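There are 2 protein chains.
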Amino acid sequence: MAKTPHSNAEKPKARPRQRRKDARPSEIIEAAIAIFAERGFGAARLEDVARRAGVAKGTVFVYFPTKDDLFRAVAQTVLTSHLERLHGAAADLDRPIAELVPMFLAQAAAVIGEGRLPAMMRLLVAESRQFPDLARVWHDEVVSKVLGMLTLAIERAQARGEIRPGNARLYAFSIMGPMLASALFREVFRDTAPLPDLPELAEQHARTILDGLLLPDAS
Amino acid sequence: MAKTPHSNAEKPKARPRQRRKDARPSEIIEAAIAIFAERGFGAARLEDVARRAGVAKGTVFVYFPTKDDLFRAVAQTVLTSHLERLHGAAADLDRPIAELVPMFLAQAAAVIGEGRLPAMMRLLVAESRQFPDLARVWHDEVVSKVLGMLTLAIERAQARGEIRPGNARLYAFSIMGPMLASALFREVFRDTAPLPDLPELAEQHARTILDGLLLPDAS
DNA sequence: AACACTATTGACCGCATGGTCAATAAAGAC
DNA sequence: GTCTTTATTGACCATGCGGTCAATAGTGTT
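For the protein sequence lines, the chains are X and L, in the order given. Numbering-wise, this note's numbering puts 127 at position 127 of the first sequence, and it's gapless, one number per residue. Every number in this note's numbering is 1000 more than the matching position in the second sequence, counting from 1.
Next up, the structure:
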């Protein structure tokens, strides 16, 4: 961990102090998201968060009494930012499953591809033991809801005779699983492996799930 | 983090010292796997690892100069223990895909359900940024190989006209994704949600992937 | 301009824990 | 039994970082 030789050729700017009580929390949270995503919760230093937020270390503690509290705030922020998008998709569960699945997966690809959800997933996976309450909240607010929506849509389609009988919840796993897996894949192997193209995966997986891999036997 | 009131009604046994140079490393690694799995790398204390291995803290450092080294040893151990099983499965890539996929998924369900691979996955996901070299090794030794085998099997089946054309690597994601996702799901939500039954998922997902969700239109 | 209020600061503290090492005692040689 | 070797120990050190707080300086008020 060699440290830059400390060349004080120029001081770090000493920007004049500013008072912006109400802008601070979100700025600090934003910085924390970046730092946590980069180093993980345990290895992240609050001083780095502070610097990134353009603030002194003490200021962080003014708004978040504890590192844990900051992490909770981060999780909560990312969560709510995604909840809104989720509510939007709650409509049209009764459309034909052959339309719904591709839409669903394309949507998932978009969310995963752009936002900070994958990084948050990584953090939650990493810290689920240290913060079981956060795991629970995310489960109840996101995972369970998404899974529930999908399951419901599937059951309705089954009732309509569109798709095969079978455990609807497991079908939901079949549908979502590859998207989640590839989201984490991208996080973990970002610099190591060729990353799967999300929209392409979404599109092909939708077709696969609906029609199956097998070609009709032409023999 | 209240500490037990330190009732020294009985000392921790003071077991007589033993010298077993060659048995130590594996014992320590075993203990480390347990502790890391339980608390994560960052939060794990080497003293706990030592106690669990029935050894003094200093002894750990005799065999593993650094906490990082211990983690690497842990990752390496779990890796090799799974590599053997992998080689076994390398055979029969040319069997009909309709047999291969269910076998593959059932195998995956078994490995995930019993061993310490899910915990190791969690650790790797968590620490992939701190230990990019480990991420790379796991990718090259496990992920890439599994994906490669599957991809190859799929391409051959395509050449035989068994299954649809399409990006074989993404097909591999479609096949494995749900198993990986549910492995992590179980790790993260172990105490929070009803856990999907792995063999059942494997079996149903195999059928879904092969035949698709849609029923032939009987209208 | 003087003042009051308080957001902000950064030097400081304490603790937890990774890491060291001189002392100790098992195990074997004789 | 005595001696040698060295695996093992646990008290100890050093450091990094979470967390505190008296001092400081924006900002609005008069």
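Glycine included, each C-beta is placed from N, C-alpha and C at the ideal position. The structure displayed is predicted, hence computed values, not measured ones.
query	result
Listed from N- to C-terminal order along the chain, which residues in the region 197-210 of chain X have their beta-carbon within a distance smaller than 7 angstroms of any beta-carbon of chain L?	E200, L201, Q204, H205, T208, I209 and L210
Please name the residues in the region 1098-1128 of chain L whose beta-carbon is closer than 9 angstroms to at least one beta-carbon of chain X, in chain order.	A1098, V1101, M1121, R1122, L1123, L1124, V1125, A1126, E1127 and S1128
Which word fits X:S128, buried or exposed, when buried means at least 16 other C-beta atoms lie within 10 angstroms of its C-beta?	buried
I want to see whether chain L comes within less than 9 angstroms of X:P16, judged by CB atoms only; does it?	no
Determine, using beta carbons only, whether L:M1176 comes closer than 9 angstroms to chain X.	yes
Between which two residues does the alpha helix (DSSP H) harbouring L:G1088 extend?	K1067 to A1089
Kindly say whether X:M179, judged by its beta-carbon, lies nearer than 9 angstroms to any beta-carbon of chain L.	yes
Quick one: which unbroken alpha helix (DSSP H) runs of 4-plus residues sit fully inside the region 1130-1193 of chain L? Chain order, please.	1132-1138, 1144-1159 and 1168-1188
Residues bridged to L:L1214 by DSSP?	X:I163
Give me the Cα-Cα distance between X:A168 and L:K1067, rounded to the nearest whole angstrom.	45 angstroms
Keeping to the same chain, check which residues put their C-beta closer than 6 angstroms to that of X:L147; ignore five residues upstream and five downstream.	A172
Under the rule that 16 or more other beta-carbon atoms within 10 Å means buried, what is X:A50, buried or exposed?	buried
Is L:M1149 near L:A1108, with beta carbons less than 9 angstroms apart?	no
Among X:A106, X:E99, X:I33 and X:L93, whose alpha-carbon lies nearest the alpha-carbon of X:D197?	X:A106
Taking the straight line between their C-alpha atoms, what separation do you get for L:G1115 and X:G58?	45 angstroms
Ignore the nearest five residues each way along the sequence and tell me which others in L:A1275's own chain have a CB closer than 6 angstroms to its CB.	Not covered by the structure: residue 1275 of chain L. The range shown for chain L is 1001 to 1219.
Answer with yes or no whether the minimum CB distance from X:V222 to chain L is below 9 angstroms.	Examination of residue 222 of chain X is not possible in this model, given that chain X is present from 1 through 219 alone.
Take L:W1138 and list the residues in its own chain whose beta-carbon comes closer than 8 angstroms to its own, dropping the five residues that flank it on each side.	A1075, L1079 and L1124
Please classify L:A1159 as buried or exposed, where buried requires at least 16 other C-beta atoms within 10 Å of its C-beta.	exposed
With distances taken between CB atoms, is the gap from X:R24 to X:I35 smaller than 9 angstroms?	no
Using beta carbons (cut-off 9 angstroms, strictly below), is X:V55 in contact with chain L?	no
Given L:D1191, which residues of its chain have a CB within under 6 angstroms of its CB, disregarding the five upstream and five downstream residues?	none
When the Cα of X:R17 is compared with those of X:R52, X:A56, X:S26 and X:T77, which residue comes out closest?	X:A56
Can you tell me where the alpha helix (DSSP H) with L:S1026 in it begins and where it stops?	R1024 to R1039
How many angstroms separate the CA atom of X:S174 from the CA atom of X:V101?	11 angstroms
Out of X:H82, X:A126 and X:A183, point me to the one whose CA is closest to X:F41's CA.	X:A126
Quick check: is the beta carbon of X:Q130 nearer than 9 angstroms to any beta carbon in chain L?	yes
Below 8 angstroms on C-beta distance, what does X:Y63 contact in chain L?	Chain L residues near X:Y63: none, gap ~23 angstroms exceeds 8 angstroms.
Is it the case that the CB of X:G58 approaches a heavy atom of the ligand GDP more closely than 8 angstroms?	Judged by which ligands are present, the structure shown has none, so any question about the ligand GDP falls away.
Helix, strand or coil for L:V1055, going by three-state DSSP, please let me know.	coil
Provide the residue span of the alpha helix (DSSP H) that contains X:P118, from first to last.	L117 to E127
Taking beta-carbon pairs under 7 angstroms, can you tell me which members of the region 1151-1163 of chain L lie near chain X?	G1161, E1162 and I1163
Are there 16 or more other CB atoms within 10 angstroms of the CB of X:V143, so buried, or fewer, so exposed?	buried
Comparing alpha-carbon positions, which option in L:F1104, L:E1155, L:L1170 and L:I1209 lies nearest X:A202?	L:L1170
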